[in-house]
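Engineer: What follows is a single structure, and I will ask about it in a moment.
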Amino acid sequence: MLSKEACNARKSHGSGIIKASFKTKKEGITMNFMQCYAPISDNSDDYKDHFYQRLQLAMEKCPIKDPTILMGDLNAKVRIDNTGYEDFMG
Numbered sequence: 180m181l182s183k184e185a186c187n188a189r190k191s192h193g194s195g196i197i198k199a200s201f202k203t204k205k206e207g208i209t210m211n212f213m214q215c216y217a218p219i220s221d222n223s224d225d226y227k228d229h230f231y232q233r234l235q236l237a238m239e240k241c242p243i244k245d246p247t248i249l250m251g252d253l254n255a256k257v258r259i260d261n262t263g264y265e266d267f268m269g
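With this note's numbering, letter number 82 in the sequence shown gets 261, and the count goes up by one each step, no holes.
Printed below as a string of C-alpha cells:
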C-alpha cells in the first residue's frame with residue numbers, strides 16, 4: 180500500500196513510462212525518477228518513435244534545476260542473432 184504522498188507523486192506518461200517526484204527533507208529539492216520500458220526492436224518504427232517522443236516530452240517537463248534519474252529497460256530484444264549488437268546490449 181502506497182502512502183498518500185507516494186500516490187500523488189506518480190504520473191503516467193503513457194504505456195511504458197511513469198514518473199515519480201519527491202521533495203527531499205534536508206535540502207528541499209525535488210527529485211524526479213523516470214521509469215521506462217522501451218518497445219522491443221520487433222515493434223514498428225512509428226511505435227518506437229512515438230515512445231521516444233513521449234519520453235522526451237516527459238523529461239522536458241522536469242525542471243532543469245531538479246535532479247532527474249532515468250532508469251528502466253532501454254535496450255530490449257534486438258533479434259535472435261545479436262551479432263554486431265554486442266556493444267548495445269547490457
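Ideal Cβ positions, reconstructed from N, Cα and C, are used throughout, including at glycine.
Given this structure, state the Cα-to-Cα distance separating P218 from E239, to the nearest angstrom.
Structural biologist: The sequence position of residue 218 within the sequence shown is 39, counting from 1. The sequence position of residue 239 within the sequence shown is 60, counting from 1. Looking at the two C-alpha atoms, the distance is approximately 20 Å.
Engineer: Are there 16 or more other CB atoms within 10 angstroms of the CB of K198, so buried, or fewer, so exposed?
Structural biologist: In the sequence shown, residue 198 corresponds to position 19, counting from 1. Per the 10 Å Cβ criterion, buried.
Engineer: Per DSSP, which one or two residues make a beta bridge with F212?
Structural biologist: Working through the sequence shown from its first residue, we reach residue 212 at position 33. Paired residue(s): A199, I248.
Engineer: In this structure, does DSSP put K227 in helix, strand or coil?
Structural biologist: The residue given as residue 227 occupies position 48 in the sequence shown. K227: helix per DSSP, three-state reduction.
Engineer: Return the chain-ordered list of same chain residues with a C-beta closer than 7 Å to the C-beta of H192, the five sequence neighbours on each side being excluded.
Structural biologist: Start at 1 with the first residue of the sequence shown, and residue 192 comes out as number 13. For H192, where only same-chain residues beyond five positions count, the Cβ hits under 7 Å are K198, R233, A237.
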